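Participant:
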Amino acid sequence: LNRTASVVFVGLALRLAQPQRAAAAFSAALALAPDDQSAIAQRGLALDLAGETEAARAWLGEARFIRVLHPSIPSPFATSAQFNNQLAQDIREHSRLRFEPVGLAAKGGYLTEDLLADRTPAITGFERSLRAAIEATIATLPHDPGHPFLRAIPRHGYTLNLWATRVAAQGVIDTHIHEESWLSGAYYVELPPTLGQGDDCAGWLEFGLPHRNLPAPPAHTLRRFQPEVGKLLVFPSYLYHRT
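So the number in this note's numbering is just where the residue sits in the sequence shown, counting from 1, plus 1473.
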């Protein structure tokens, strides 16, 4: 099997309700492309659907690798509120802000392209704080050649791709993963006062629900995080996530 045929076969097995067959097929797919984020994600789903919950949790590693961080306030800003207010303003005025760019996950929202295209003090300060948080996180991770996330830790530098999203009421960021990345994250700059609270999880960040053409895992395996201004969540890029 080549890489494409392997991944298509696994997806077909999942849709035909053959999760054990799908999970077994990933040995071929991932041997050909160990960093295929879609294949990693779907293997975890297959294990879940086959009733191998503990194996799925160990493979995906949500409890180990989803980190809640609070990056430092960059200079020249004196307070978190001052920094985030200015960053929000810079995003609203960003030169590359576009409504619902084709092919991306935002529905009812605006996205910038490269956030760093506009080199304001708040944006460049955010880049410095974000890099420091990423590097501190990487320093805590052990190398494990048997795990798809830990085997690929970048020890000699990395490329940072930043963009910003503004989502209106009733807008969503639909289910997706980041195919070409290793580590992903979401930082909250500004939030509406009516954001879901308690049992109402509207606007929260949810992990674990795959694309609509794949079967859903057991509901108890989904993980949700309430957004807060100044909070940064980092996680493996193969984890399905949405608002």
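We put the CB at the ideal spot given by N, CA and C, even for glycine. Keep in mind the model is a prediction, meaning the values are calculated, not measured.
Going by beta carbon distance, what residues of the same chain come within less than 8 Å of Phe-1708, once the five residues before and after it are set aside?
Facilitator: Cβ neighbours of Phe-1708 beyond the five flanking positions: Glu-1535, Phe-1538, Ile-1539, Arg-1540, Leu-1656, Ser-1657, Gly-1658, Phe-1680 and His-1714.
Participant: If Leu-1603 and Thr-1585 are in contact, beta carbons under 8 Å, what's the gap, nearest whole angstrom?
Facilitator: Actually they do not touch by this definition, with Cβ atoms about 15 Å apart.
Participant: Classify Asn-1475: buried if its beta carbon has 16 or more other beta carbons within 10 angstroms, exposed otherwise.
Facilitator: Below a pLDDT of 50, predicted positions are generally treated as unreliable, and Asn-1475, at 47, falls in that range; the measurement from the model is reported next regardless. The residue is exposed, with fewer than 16 neighbouring Cβ atoms inside 10 Å.
Participant: Does DSSP put Glu-1573 in a helix, a strand or coil?
Facilitator: In the structure shown, Glu-1573 sits in coil (DSSP, three-state: anything other than H, G, I, E or B).
Participant: Would you tell me roughly how many angstroms separate the C-alpha atoms of His-1728 and Asp-1521, rounded to the nearest one?
Facilitator: Given that the chain is displayed from residue 1474 to residue 1716, the structure contains no residue 1728 and the question cannot be resolved.
Participant: Give the straight-line distance between the Cα atoms of Asn-1558 and Thr-1610, rounded to the nearest whole angstrom.
Facilitator: So the alpha carbons of these two residues sit roughly 26 Å apart.
Participant: Using three-state DSSP, classify Glu-1679 as helix, strand or coil.
Facilitator: Note: Glu-1679 maps to strand in three-state DSSP.
Participant: Could you give the C-beta distance for Ser-1464 and Ala-1595, rounded to a whole number, given that I count them as a contact under 8 Å?
Facilitator: Not covered by the structure: residue 1464. The range shown for the chain is 1474 to 1716.
Participant: Determine contact between the stretch 1633 to 1646 and the stretch 1573 to 1583, defined as no fewer than three beta-carbon pairs at a distance below 8 Å.
Facilitator: The stretch 1633 to 1646 vs the stretch 1573 to 1583: in contact.
Participant: How far does the alpha helix (DSSP H) with Arg-1604 in it reach, from first residue to last?
Facilitator: Element bounds for Arg-1604: 1594 to 1612.
Participant: Report, in whole angstroms, the separation of the C-beta atoms of Asp-1678 and Leu-1518, which I expect to be a contact under 8 Å.
Facilitator: Strictly speaking, residue 1678 in this sequence is Leu, with Asp absent from that position. Contact doesn't hold; Cβ gap of about 19 Å is too wide.
Participant: Would a C-beta distance cut-off of 7 Å place Ala-1523 and Gln-1493 closer than the cut-off?
Facilitator: Result yes, Cβ atoms of Ala-1523 and Gln-1493 sit closer than 7 Å.
Participant: So, Val-1702 versus Leu-1560, is the Cβ gap smaller than 7 Å?
Facilitator: Taking 7 Å as the Cβ cut-off, Val-1702 and Leu-1560 do not qualify as a contacting pair.
Participant: Does Gly-1619 pass the burial test, meaning 16 or more other C-beta atoms within 10 Å, or should it be called exposed?
Facilitator: Answer is exposed; the Cβ neighbour count stays below 16.
Participant: Runs of 3 residues minimum, wholly inside the stretch 1615 to 1703: which ones carry the beta strand (DSSP E) assignment?
Facilitator: Within the stretch 1615 to 1703, the complete beta strand (DSSP E) runs of at least 3 residues are 1638 to 1646, 1656 to 1660, 1678 to 1680 and 1696 to 1698.
Participant: Mapping DSSP to helix, strand and coil, what is Ala-1501?
Facilitator: If DSSP states are grouped into helix, strand and coil, Ala-1501 belongs with the helices.
Participant: Out of curiosity, what's the CA-to-CA distance linking Ala-1478 and Gln-1515?
Facilitator: Interpretation of Ala-1478 is limited by its pLDDT of 47, a score under 50 that renders its predicted location unreliable; the figure taken from the coordinates is listed afterwards. Approximately 14 Å between the Cα atoms of the pair.
Participant: How about Pro-1544 and Gly-1598: are their beta carbons less than 7 Å apart?
Facilitator: No; because the gap between Cβ atoms is not below 7 Å, this pair is not in contact.
Participant: Rounded to whole angstroms, what's the CA-CA distance from Ala-1625 to Arg-1697? Just pull it up for me.
Facilitator: Ala-1625 and Arg-1697: Cα-Cα distance of roughly 26 Å.
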